[in-house]
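The block underneath contains the structure these notes are about, expressed in C-alpha cells.
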Amino acid sequence: MASPRIIMKLIVTGAHKEPGDVLVLELKHPRKPLLPSFEPGSHVDVHLPNGRVRQYSLCSDPADLTHYTIAVKREPEGRGGSAWLHDTVTVGHELHVSAPRNHFPLKEGEGPILLLAGGIGITPLLAMARVLSRADRPFELHYFTRSRTFAPLLSMIEQDLDETSVRLHFDDEAETRADLGAFLSKQPPNAEAYYCGPPGFMAAVSRATEHWLEDSVHFEAFEPPASDDAPPEPFTIVLRNGTIVPVPAETSALAAIRQAGVLVMASCENGVCGTCECGILEGQPIHRDAVLSKDARSHRFIPCVSRATGVLKLDL
Ligand code: FES
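With numbering that gives the first Met the number 0 applied, the sequence shown corresponds to residues 0 to 315, in that order.
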C-alpha cells in the first residue's frame, strides 16, 4: 500500500446522486491506468480548498484499481466539507486525494462474519462484502436504513452481491425491520461483527455486543462517541525530551503540542481517522476518540480530541 502522505490529483470521472442525499464520485488518475492498492475498510483523505480534509471510505472493489469510488452524504450540521463537494464537484473536476489507509481491516478468522451497516455506513462494508464474496468466506451483510427510499448504494448492493448474503432492514417495512439487540443475541459465539453507521446505530450495536469478546467486534465511526457533559479540564503533557506542555481547558492537546513546536500529523482533527495517534508513557488519559480499541486505550492516545487528568507523558 502506498504512503498515505502521497497526495494524488485525481479526476472525477463519474458523479451521481443516491437516495439519502448521497453523492457518489468515481475517481481516476489522469495518466496512470491503476491507482494504489487498498484493503477493504480503507479510506482516503480528500483535501478540500482552504485546507479542510475529510475522510471517505472506499466502496469500490479492491480488485479493480482503475478507479476509486467514494460516497459523500451531505451533512447539513457538518463543518461544510460534504456541502462543498455536493455543490461544487462534477465530472472533470480535479480532487486532491491521499493514498488509502486502513484503520478498519478485515481479520483472518474462521467464524461467520456479520457486516452491519447503518445508512451511509455501508461504504466500507460494501468493499468488505465484495472481497469476502470473492474469497468464498461465509458472511452476511445486514443493511439498516429508515426506508428503501433513504438507502444509498442499494442498487450497487443488489447488482454486485449475491442476494443470499444480503439482508435489508427497513424501519418502515414490518417484514424486513429487525430488532438489532435480539438479532445479535442469537449469533453463535464465534461470530465476528464489523459495523459502521451514524452515532445512534453505533451505540445500539455497541450495547448489543458488549458481552462479545473484544477481538470479535470491529467498527469504524464517523464521529467520536458523545462525551459526558463535564467541561474539559486543563492538564499537562510531558514530552519524551522533558518539555512540559500545559494544555488549557479550551485548547486541544494536539494544538498545545504543535504550539510547543512539535510536528504531529493530523487529518480529521475529530478523533475518527487515527492520523494523530501517539504512545502514552505514563499517566491517565481521558479517551474521547472513536479509533482506539479497548486494548490500545491502555497505551495509545489521540491528541486531537482526548484529554487527561493531571500529567500525561507522551512518546513524542
Ligand atoms: S487527526 Fe484524525 S484522529 Fe486525530
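A virtual CB, placed ideally from N, CA and C, is assigned to each residue, including glycine.
In this text, all values refer to a predicted model and were calculated from it rather than measured experimentally.
- Checking the DSSP bridge columns, you'll see Q54 partnered with D44.
- Look at E139 here: in three-state DSSP terms it is strand.
- Counting the other Cβ atoms within 10 Å of the Cβ of K293 gives fewer than 16, which makes it exposed.
- The beta carbon of I301 sits closer than 7 angstroms to at least one heavy atom of the ligand FES.
- Within the chosen limit of 7 angstroms, the ligand FES reaches the beta carbon of C275 through at least one heavy atom.
- According to the DSSP secondary-structure assignment, L115 is paired through a beta bridge with H141 and Y194.
- Short note on V246: C-beta not closer than 7 angstroms to any heavy atom of the ligand FES.
- Setting aside the 5 residues that flank it on each side, V263 is surrounded in the same chain by L253, I256, R257, C275, C277, P302 and L315, each with a C-beta closer than 8 angstroms to its C-beta; the list follows chain order.
- Taking a contact to require three or more Cβ pairs closer than 8 angstroms, the stretch 126-141 and the stretch 160-180 qualify as touching.
- Residue state for G199 is assigned as helix, using DSSP reduced to three classes.
- By the CB criterion at 8 angstroms, G282 and G241 fall outside the cutoff.
- The ligand FES has no heavy atom closer than 7 angstroms to the beta-carbon of A254.
- Ranked by Cα distance from L9, the first of K31, V21 and L124 is K31.
- DSSP places V130 within a helical segment (H, G or I) once states are collapsed to three.
- No Cβ-Cβ contact shorter than 8 angstroms links Y194 with H168.
- Relative to the ligand FES, the beta carbon of A265 is positioned inside 7 angstroms of a heavy atom.
- Here the C-alpha atom of S36 lies approximately 21 angstroms from the C-alpha atom of M155.
- In the DSSP assignment, R306 falls within the unbroken beta strand (DSSP E) covering R306 to L313.
- By the neighbour-count criterion, in which a residue is buried when 16 or more other Cβ atoms sit within 10 angstroms of its Cβ, I243 is exposed.
- With at least 16 other beta carbons inside 10 angstroms of its own, T68 counts as buried.
- Under the three-state reduction of DSSP, I156 is assigned to helix.
- One Cα belongs to A220, the other to G40, and the distance between them is close to 12 angstroms.
- Under the three-state reduction of DSSP, I121 is assigned to helix.
- In the DSSP annotation of this structure, the continuous segment of the alpha helix (DSSP H) that includes A254 starts and ends at A252 to Q258.
- Distances from the alpha-carbon of V204 to those of N101, S56 and G120 put G120 closest.
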